[in-house]
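Novice: Chains as they are written, first to last, in our numbering: chain A, 6 to 350; chain B, 6 to 350.
If you scroll down you'll find the structure; I have some questions about it.
Number of protein chains: 2
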Amino acid sequence: MTGHVTLTHKELYQRVEAIFRKAGLNDPQSRALAKVIAAGERDACKSHGIYRIEGAMRTVKAGKVKPDAIPELLAADETAIVKVNARGGFANAAFELGLPELVARTRRLGLAALVINDCSHFSALWPEVEAVTGEGLAALVMCPSYATVAPAGGSRPLLGTNPFAFGWPRQNQFPYVFDFATSVAARGEIELHRRAGKPLPEGWALDASGKPTTEPEAALAGAMLTFGGHKGSAIGTMIELLAGIMIGDLTSPEVLDYLGTTTLAPFHGELIIAMSPQAFAAGRPGDPFSRAEVLFDAIVGQGARLPSQRRFAARARADAEGILLADAEIEQLDRLLSLGLDAVV
Amino acid sequence: MTGHVTLTHKELYQRVEAIFRKAGLNDPQSRALAKVIAAGERDACKSHGIYRIEGAMRTVKAGKVKPDAIPELLAADETAIVKVNARGGFANAAFELGLPELVARTRRLGLAALVINDCSHFSALWPEVEAVTGEGLAALVMCPSYATVAPAGGSRPLLGTNPFAFGWPRQNQFPYVFDFATSVAARGEIELHRRAGKPLPEGWALDASGKPTTEPEAALAGAMLTFGGHKGSAIGTMIELLAGIMIGDLTSPEVLDYLGTTTLAPFHGELIIAMSPQAFAAGRPGDPFSRAEVLFDAIVGQGARLPSQRRFAARARADAEGILLADAEIEQLDRLLSLGLDAVV
């Protein structure tokens, strides 16, 4: 039977940061990455926790991300658009650099956008959403990924799993946050069905000839489908347009051409739109934050869950009791720390 | 057999405008309404065409919209938020008043929002999306409606059918536009199933006790469901937050409380976010408009349709051949014109 080890959030963060330093990442890169990975593990969001370390390291080793990149905040102007060039590094460090300016402009103008260009991106979007809601602002965040999803009515991969995330600040509580793929399922879920030898639910995927399939192998060789049929497909396309083309960065098919694989972190851009509820609501009756609580109470009051509720429950547990890792996970962390980039192929 | 009459777009617009004038609407209200209704009919979008005239008139007669309202552009400031108070009139006239200022600020700041408050709203969102794309800008538009939709995992109506619309400008072509309800189906579609005595597809609705139902009667007494399960529910909730609460206007449950019925046009607010692809893409490689065409070609090239394609085909046909109305429809228009508000209950 496998044993477990309990770490504090800070201890886990430090271990992950040390691994990234050993792998050659500079200060801003290793800190920003360790932060989101420790946060994922703390929130029991295993698919975005320590599991992601190797993927990030593989991307470094393949030369598809610059481990020593220093992101650059482009000359501030008077517009509502803040631009950060990640200079080939991970999106996370670029986001941290741009956040204060995004917040300042949103407070001044009521509405502003942060564009991140030339970045490698492998993390969930909710850490960025929560960084914005932590400032009392609402946030809408999106990015392309790689072409693995067919548009509704189509037959071949074109769109990415294109995550779409939103957050609304709440006082003395976790924010209202959703963050989901615009594909019906994540690629990892299809992989899990394959390993378990189970058929996929109907409507998840097409085979290589463009026909609906419930066979995981055929799906992995074909295309995933969007959530909600043509509506999800329209939103996935909107994300290619706004967070790929509009910001002058790669679309999902271009990312796949550039990388030649879906096993490395996608290289592209990201769009974050921040809004000030105080500025929008100014001069109108009612306080937007307390009115939002009435809506949330009505949702929860009829037995429905708010999105991220499970994740926040895990966070509260981790904050109180620490983060539980299996011995095998600890061994793997030790191995990554001692071998550095030699630990990955 | 019923005969048909062919009208030009302009002739239809003039007839509809005359009806609204007879019904007591002032200049900006009747012109703005006639414009969107003639556009809906021209696009073979029958659910938003002349069929809507009576609903608008009923709302006037019930005293739930001010037919002589003069919308007010609130004092321009230096922010990215343009506010128009519809002063109890229809959203359409308020939108027309605010559009030039929205466009000017988006050109200056790269990103801006138009908030419409205290308006009655019954039209599709695509006319507004297209007005923004006509200026070379991208647009994201949303508004609540009335509480007829249960949140995912819930049992009772709370959210509205909350439409979500987006547009991207294209040169010498119809724009890329989607505009859909975040409920799985429109209430009208459930009504059509009821009239036809047909069961609903699974997943459309709950009965009054919160259990899934395929019976149209039970669904109309219960709640509709969101598209795409919890993801559509999250988007529907986001629309309540941004286009209801954040802009200091009514949420869908508050609209229903205020009106006491779903047979009148909802009274609330609307949020339009405009973005300048040129400003966002400045300094980056590639032209965003021609890059978008590559994406659209790839979608159409694999046999998928772009959203609104059918509507645009109808528009091209109507522009070439005129708009075909059944004799019964013409008679109804004549009746509405001669009787005014006496024609509706």
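For each residue, glycine too, the CB sits at the ideal point set by N, CA and C.
Quantities reported herein were computed from a predicted structural model and do not represent experimental measurements.
(1) Taking the alpha carbon of Glu-77 (chain A) as the reference point, which residue from A:Lys-69, A:Thr-138, A:Gly-94, A:Ala-303 has its own alpha carbon closest?
(2) Who are the near neighbours of Leu-107 (chain B) in its chain, counting only those whose CB is closer than 8 Å to its CB and skipping five residues on each side?
(3) Between Met-229 (chain B) and chain A, is the shortest Cβ-Cβ distance under 8 Å, so that the two count as touching?
(4) For Pro-258 (chain B) versus His-126 (chain B), is the C-beta distance shorter than 8 Å?
(5) Which residues in chain A sit within 7 Å of Ser-52 (chain B), going by Cβ to Cβ distance?
(6) Taking the CB atoms as reference points, tell me whether His-273 (chain A) and Leu-246 (chain A) lie closer together than 8 Å.
(7) For a contact defined as C-beta to C-beta under 9 Å, what are the partners of Trp-209 (chain B) on chain A?
(8) On a Cα-Cα basis, can you pick out the residue from B:Glu-194, B:Val-134, B:Ala-284 that is closest to Phe-169 (chain B)?
(9) Would you call the region 142-162 of chain A in contact with the region 218-228 of chain A, where contact means no fewer than 3 C-beta pairs closer than 8 Å?
(10) Checking 8 Å against the spacing of the C-beta atoms, do His-198 (chain A) and Pro-221 (chain A) come in under that value?
(11) State the DSSP-derived secondary structure class of Asp-123 (chain A), mapped to helix, strand or coil.
(12) Residues in the same chain with beta-carbon distance under 7 Å from Gly-54 (chain A), minus the five sequence neighbours each way, listed in chain order, please.
(13) Taking the beta carbon of Gly-103 (chain B) as the centre, do at least 16 other beta carbons fall within 10 Å, making it buried, or is it exposed?
(14) Can you tell me the Cα-Cα spacing of Val-21 (chain A) and Leu-338 (chain A), whole angstroms?
(15) Can you tell me whether Thr-268 (chain B) is buried or exposed? The criterion is at least 16 other CB atoms within 10 Å of its CB, across all chains shown.
(16) Who does Trp-173 (chain A) pair with in a DSSP beta bridge?
(17) At which residues does the beta strand (DSSP E) containing Met-251 (chain A) begin and terminate?
(18) Report the residue ranges of all alpha helix (DSSP H) runs contained in full by the region 201-236 of chain A; include only those spanning at least 4 residues, in chain order.
(19) Mapping the DSSP letters down to three states, classify Asn-90 (chain B) as helix, strand or coil.
(20) So, with DSSP's three-state summary, where would you put Ala-144 (chain B)?
(21) In whole angstroms, what separates the C-alpha of Met-6 (chain A) from that of Asn-122 (chain A)?
(22) Determine the DSSP secondary structure at Ala-37 (chain A), reduced to helix, strand or coil.
(23) Which chain A residues are close to Asn-122 (chain B), counting only those with a beta carbon under 8 Å from its beta carbon?
(24) For Val-51 (chain A), count neighbouring Cβ atoms within 10 angstroms of its own Cβ and tell me buried if that reaches 16, exposed if not.
(25) Quick one: measure Cβ to Cβ for Ala-37 (chain B) and Glu-140 (chain B), integer angstroms, because I've assumed they're closer than 8 Å.
(26) According to the neighbour-count rule (16 or more other Cβ atoms, all chains shown, within 10 Å of its Cβ), is Lys-15 (chain A) buried or exposed?
(27) Got a sec: is the Cβ-Cβ distance from Gly-159 (chain B) to anything in chain A below 8 Å?
(28) Between A:Pro-33, A:Trp-131, A:Thr-64, which lies nearest to Val-349 (chain A) when the distance is taken from Cα to Cα?
(29) Note down, in chain order, every chain A residue with its Cβ under 7 Å from the Cβ of Glu-245 (chain B).
(30) Could you work out which residues of chain B lie near Phe-232 (chain A), taking near to mean beta carbons separated by less than 7 Å?
(31) Distance cutoff 8 Å, beta carbons only. Does Gln-314 (chain A) sit that close to anything in chain B?
(32) Are the C-beta of Met-280 (chain A) and some C-beta of chain B separated by less than 8 Å?
(33) By the criterion of Cβ-Cβ separation under 8 Å, what are the contact partners of Thr-84 (chain B) in chain A?
(34) May I ask you to verify whether the region 299-315 of chain B touches the region 172-188 of chain B, counting CB pairs closer than 8 Å and requiring at least 3?
(35) When you compare the CB positions of Ala-49 (chain A) and Ala-333 (chain A), do they come within less than 8 Å of one another, or not?
(36) Give me the subset of the region 307-335 of chain B whose CB atoms are less than 9 Å from a CB atom of chain A, sorted by chain position.
Specialist: The answer reads as follows:
(1) Residue numbering aside, residue 77 (chain A) sits at position 72 when the first sequence is read from its first letter. The shortest Cα separation from Glu-77 (chain A) among A:Lys-69, A:Thr-138, A:Gly-94, A:Ala-303 belongs to A:Gly-94.
(2) The count along the second sequence starts at 1 and reaches residue 107 (chain B) at position 102. Excluding residues within five positions, the ones whose Cβ falls inside 8 Å are Val-87, Ala-117, Ala-118, Leu-119, Val-137, Ile-277, Ala-279.
(3) Here residue 229 (chain B) refers to the residue found at position 224 of the second sequence. Output row for Met-229 (chain B): interface = no.
(4) Here residue 258 (chain B) corresponds to residue number 253 of the second sequence, with the count starting at 1. Here residue 126 (chain B) corresponds to residue number 121 of the second sequence, with the count starting at 1. No, the pair does not count as a contact, with Cβ atoms beyond the cut-off.
(5) For the purposes of this step, residue 52 (chain B) is taken as the residue at position 47 of the second sequence. Under the 7 Å cutoff, chain A gives no residues; its nearest Cβ is about 17 Å from Ser-52 (chain B).
(6) Within the first sequence, numbered from 1, the residue matching residue 273 (chain A) stands at position 268. Within the first sequence, numbered from 1, the residue matching residue 246 (chain A) stands at position 241. Going by C-beta atoms, His-273 (chain A) is not nearer than 8 Å to Leu-246 (chain A).
(7) Within the second sequence, numbered from 1, the residue matching residue 209 (chain B) stands at position 204. Those do not exist, as Trp-209 (chain B) stays about 13 Å from chain A at its closest Cβ, beyond 9 Å.
(8) By 1-based counting over the second sequence, the position of residue 169 (chain B) is 164. Nearest C-alpha to Phe-169 (chain B): B:Val-134.
(9) yes
(10) Counted from its first residue, the first sequence places residue 198 (chain A) at position 193. Counted from its first residue, the first sequence places residue 221 (chain A) at position 216. Yes, these two residues count as a Cβ contact at 8 Å.
(11) On the first sequence, residue 123 (chain A) is found 118 positions in, with the first residue counted as 1. Correct three-state label for Asp-123 (chain A): strand.
(12) The count along the first sequence starts at 1 and reaches residue 54 (chain A) at position 49. Within the same chain, Gly-54 (chain A) has close Cβ partners Ile-42, Gly-45, Glu-46.
(13) Position 98 of the second sequence, counted from the start, is the residue given in the question as residue 103 (chain B). By the 10 Å Cβ count, Gly-103 (chain B) comes out buried.
(14) Here the question's residue 21 (chain A) lines up with position 16 in the first sequence. Here the question's residue 338 (chain A) lines up with position 333 in the first sequence. When rounded, the distance between both Cα atoms is 8 Å.
(15) Residue mapping note: residue 268 (chain B) aligns to position 263 of the second sequence, counting from 1. Burial call: exposed.
(16) By 1-based counting over the first sequence, the position of residue 173 (chain A) is 168. Beta-bridge pairing links Trp-173 (chain A) to A:Tyr-181.
(17) Residue mapping note: residue 251 (chain A) aligns to position 246 of the first sequence, counting from 1. Neither: Met-251 (chain A) is in no beta strand (DSSP E) and is coded neither H nor E.
(18) 221-226
(19) Taking the second sequence and counting its residues from 1, one reaches residue 90 (chain B) at position 85. In the structure shown, Asn-90 (chain B) sits in a strand (DSSP, three-state: E or B).
(20) Taking the first residue of the second sequence as 1, we reach residue 144 (chain B) at position 139. In this structure, Ala-144 (chain B) counts as strand in the three-state DSSP scheme.
(21) Taking the first residue of the first sequence as 1, we reach residue 6 (chain A) at position 1. Taking the first residue of the first sequence as 1, we reach residue 122 (chain A) at position 117. Unreliable positioning characterises Met-6 (chain A) in this predicted model, as indicated by a pLDDT of 46, which lies under 50. A coordinate reading is not provided.
(22) Against the first sequence, residue 37 (chain A) aligns to sequence position 32. Here Ala-37 (chain A) sits in helix by DSSP.
(23) As a first step, residue 122 (chain B) must be located in the second sequence, where it is residue number 117. Within 8 Å Cβ-Cβ: Arg-289.
(24) Working through the first sequence from its first residue, we reach residue 51 (chain A) at position 46. Residue identity check: residue 51 (chain A) is Lys in the sequence provided, not Val. So Lys-51 (chain A) counts as exposed.
(25) In the second sequence, residue 37 (chain B) corresponds to position 32, counting from 1. In the second sequence, residue 140 (chain B) corresponds to position 135, counting from 1. The Cβ separation is near 17 Å, so there is no contact.
(26) Mapped onto the first sequence, residue 15 (chain A) falls at position 10. Exposed: under 16 other Cβ atoms inside 10 Å.
(27) Reading the second sequence from its first residue, position 154 is the one you call residue 159 (chain B). It does; some Cβ of chain A falls within 8 Å.
(28) Residue numbering aside, residue 349 (chain A) sits at position 344 when the first sequence is read from its first letter. The shortest C-alpha separation from Val-349 (chain A) is found at A:Thr-64.
(29) On the second sequence, position 240 is the one that residue 245 (chain B) refers to. Leu-300, listed in chain order.
(30) In the first sequence, residue 232 (chain A) corresponds to position 227, counting from 1. Gly-233, Lys-236, listed in chain order.
(31) Residue mapping note: residue 314 (chain A) aligns to position 309 of the first sequence, counting from 1. No, its Cβ sits nowhere closer than 8 Å to a Cβ of chain B.
(32) Taking the first residue of the first sequence as position 1, residue 280 (chain A) is located at position 275. With 8 Å as the cut-off, Met-280 (chain A) counts as an interface residue toward chain B.
(33) The residue labelled residue 84 (chain B) in the question sits at position 79 within the second sequence. Those within 8 Å of Thr-84 (chain B) in chain A are Arg-113, Leu-114, Gly-115, Leu-116, Ala-284.
(34) yes
(35) For this step, residue 49 (chain A) is matched to residue 44 along the first sequence. For this step, residue 333 (chain A) is matched to residue 328 along the first sequence. No, the Cβ-Cβ distance between Ala-49 (chain A) and Ala-333 (chain A) is not below 8 Å.
(36) Gln-307, Gly-308, Ala-309, Arg-310, Leu-311, Pro-312
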